[in-house]
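Novice:
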Amino acid sequence: MKLGLLLQKLKYTSNMSLQLIKQVMNHPAKAKASCWKGYKAEGKKKSPSGKKTKGGKVKMVNNCVKK
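Position in the sequence shown counted from 1, then plus 91, gives you this note's numbering.
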């Protein structure tokens, strides 16, 4: 089932809370890969700055390579 269709069904479910719907809509899998102009995303790598997530792990960022 496509994510968009699933989100539409969740919005109309009466027992679904607004907070849960927002969590699903902000899920990382839905985020679009972005890189500089002339570059494309090829997988993920650990953040060069060493920035950490709430869980304490090193944040993963796009591995942008020249086209």
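C-beta atoms are modelled at their ideal positions from N, C-alpha and C, and glycine is treated no differently.
Give the C-beta separation of V152 and K135 to the nearest angstrom, bearing in mind that I take them to be a contact with Cβ-Cβ under 8 Å.
Specialist: Here residue 152 corresponds to residue number 61 of the sequence shown, with the count starting at 1. Here residue 135 corresponds to residue number 44 of the sequence shown, with the count starting at 1. About 7 Å separates the two Cβ atoms, so the contact holds.
Novice: Bridge partners for K137 per DSSP, in chain order?
Specialist: Residue 137 sits at position 46 when you count from the first residue of the sequence shown. K137 pairs with M151.
Novice: Which of the three DSSP states is assigned to K100 in this structure?
Specialist: Residue numbering aside, residue 100 sits at position 9 when the sequence shown is read from its first letter. In this structure, K100 counts as helix in the three-state DSSP scheme.
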